[in-house]
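Okay, structure first, notes after.
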Amino acid sequence: MESLSSARTASSFCFGACVSTAYVSAKTAPRSMGTAIFAGNDWLGFDWSVVAVAVLVLVLGGIVKGAIGVGLPVIAVAVLSSFLPVPLVLALVTLPIVLTNFWQAIHSGNPMEPLRRFWPMIVFLLVFIWLSAKLVVSLDPRVLYALIGVAVISFTITSRFNVVQSVPPSAEKWAGPLAGTIGGFLGGISTIWGPPMMMYFVMLHLPKEAYIRAVGLVWFIASIPLVLAYIRHEILTAATATASALACIPAFLGLAVGQKLRQHINQEKFRKLLLVFLFLVGLNLIRRAIS
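Next up, the structure:
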């Protein structure tokens with residue numbers, strides 16, 4: 044009963060945050076901007092058919108994230124950026140990313156457990172996101188995408204055949220900060236911090252719900268500097284924040300479906316799904332490197 048009550052409270056909070064943000068953003072936006080957002084035949088200047096496709100993509104991304112804990116931004120950004128401006132796509136997925144990660148961090152158990160266990164990794168992640176962001180102008184992102192992609196694909200193949208060894212508890216004191224350092228370095232120069240830490244969590248053989256909780260917490264904390272950067276560079280404005288808040292609705296609908304599906308996935312299938320997802324992420328990174 045206690046867990047059910049907590050889940051309802053968290054659900055109400057997340058839904059309320061979406062609605063409140065949409066309301067506040069719409070009220071603070073100039074009238075002309077509000078008209079542009081909710082014009083009769085379009086939305087943000089786009090035909091309603093485009094909006095419908097975007098909603099379906101967000102639902103799909105939410106389903107994948109609900110099932111395996113990750114995947115919403117990868118799916119949403121990859122698909123939506125093919126027919127929407129990239130800055131708008133980044134703004135659109137911002138609040139769904141933040142709130143779905145927050146939801147998963149608190150809905151899968153006590154979020155203090157992964158915080159106590161992985162706080163060194165989180166600290167190194169945030170520090171190196173900040174430090175490496177200065178290197179963006181001097182590094183070719185295509186080279187980085189290729190390197191990350193090859194590393195991720197190699198990891199998934201070796202993990203599938205049990206070549207990769209587990210990380211023993213005694214090694215976590217240095218392996219966690221190392222994963223955070225690599226993830227932070229890559230995140231600062233490419234906004235892609237997930238693969239190194241996903242690989243680390245897989246090597247820890249975390250139970251399914253513990254994995255979901257850890258990913259939700261770490262991704263939520265790591266997304267905060269990104270949100271601040273988007274606000275500073277006017278990617279996330281009053282108008283786009285309204286769109287982003289409304290985008291939470293299909294994302295959370297998909298998340299709810301994905302969570303139901305996860306209940307029917309055993310630990311071994313869950314691990315295999317994570318490896319398949321990582322493999323696809325690696326292929327996508329290589330595609331970005333050569334395109």
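Take any residue in the sequence shown, count from 1 to its spot, add 43: that is its number in this note's numbering. Yeah, the Cβ is synthetic: ideal placement off N, Cα and C, and Gly gets one too.
Give every residue of the same chain whose Cβ lies closer than 6 Å to the Cβ of residue i, excluding the five residues on either side of it in the sequence, and list them in chain order.
i	result
PHE171	THR224, GLY227 and PHE228
ILE278	PRO130, LEU133 and ALA134
VAL67	Residue placement at VAL67 is flagged as unreliable, the pLDDT there being 47, under the threshold of 50; the coordinate-derived value follows with that caveat. Closer than 6 Å at Cβ, skipping near neighbours: no residue.
PRO157	ARG256, ALA257 and LEU260
ILE297	It should be noted that the sequence gives Gly, not Ile, for residue 297. Result list for GLY297: VAL102, GLY105 and ILE106, in chain order.
ARG74	Since pLDDT at ARG74 reaches only 41, below the 50 mark, its modelled position is unreliable, and no value is offered.
GLY325	GLY192, VAL195 and ILE196
SER151	GLU252, ILE255 and ARG256
ALA290	LEU101, LEU135 and PRO139
ALA176	GLY231
LEU304	ALA110
LEU169	none
PRO239	ALA222, ILE225 and GLY226
Can you give me the Cβ contacts of residue i inside the same chain, cut-off strictly under 7 Å, excluding the 5 residues immediately before and after it?
i	result
THR64	In this prediction, THR64 scores a pLDDT of 49, lower than 50, which makes its location untrustworthy; the coordinate-derived value is nonetheless stated afterwards. LEU138, ALA284 and ALA288.
VAL113	GLY237, MET241, VAL258 and PHE320
GLY301	GLY105, ILE106, VAL107, LYS108, GLY109 and ALA110
LEU249	ALA257
TYR273	LEU133, ALA134, THR137 and LEU279
Relative to the alpha-carbon of residue i, which residue among the options has its alpha-carbon at the smallest distance?
i	options	result
LEU318	LEU168, ALA194, ALA95 and LEU127	ALA194
PHE244	ALA214, ALA286 and LYS177	ALA214
ILE118	SER334, LEU321, ILE333 and ALA332	LEU321
PHE263	GLU311, LEU127, TRP146 and LEU187	TRP146
ALA265	ILE165, ASN153 and ARG314	ILE165
ALA95	PHE204, TYR188, LEU221 and ILE292	ILE292
ARG331	SER202, ASP183, PRO250 and ILE267	ASP183
SER202	GLU311, HIS307, ILE267 and PRO163	GLU311
PHE126	LEU99, VAL93, PHE198 and PRO250	VAL93
PRO128	ASN327, ALA97, MET155 and GLY219	ALA97
LYS315	LEU190, PHE198 and ARG160	PHE198
LYS216	PHE204, LEU190, PRO163 and ILE200	PRO163
LEU328	ARG160, ILE308, ILE235 and VAL270	ILE235
LEU99	PRO116, ARG159, ALA294 and PRO212	ALA294
Please work out which residues of its chain come closer than 8 Å, Cβ to Cβ, to residue i, disregarding the five sequence neighbours upstream and downstream, and give them in chain order.
i	result
PRO268	LEU169, ILE172 and TRP173
LEU178	GLY231 and ILE232
Does the beta-carbon of residue i, which I'm using as the reference point, lie nearer than 7 Å to any heavy atom of the ligand MG?
i	result
TYR243	This structure lacks the ligand MG; in fact it carries no ligand of any kind.
Count the C-beta pairs between the stretch 141-150 and the stretch 116-130 that are closer than 8 Å, then say yes if the count reaches three, no if not. no
| query | Considering only residues of the stretch 191-268, which uninterrupted alpha helix (DSSP H) runs meet the minimum length of 4 residues and lie entirely inside it, listed in chain order? | reply | 215-233 and 237-247
- Query: Which ranges does the alpha helix (DSSP H) cover as unbroken runs of at least 4 residues, wholly within the stretch 118-177, from first to last along the chain?
  - Reply: 129-150 and 155-175
Quick one: which unbroken alpha helix (DSSP H) runs of 4-plus residues sit fully inside the stretch 276-317? Chain order, please.
281-305
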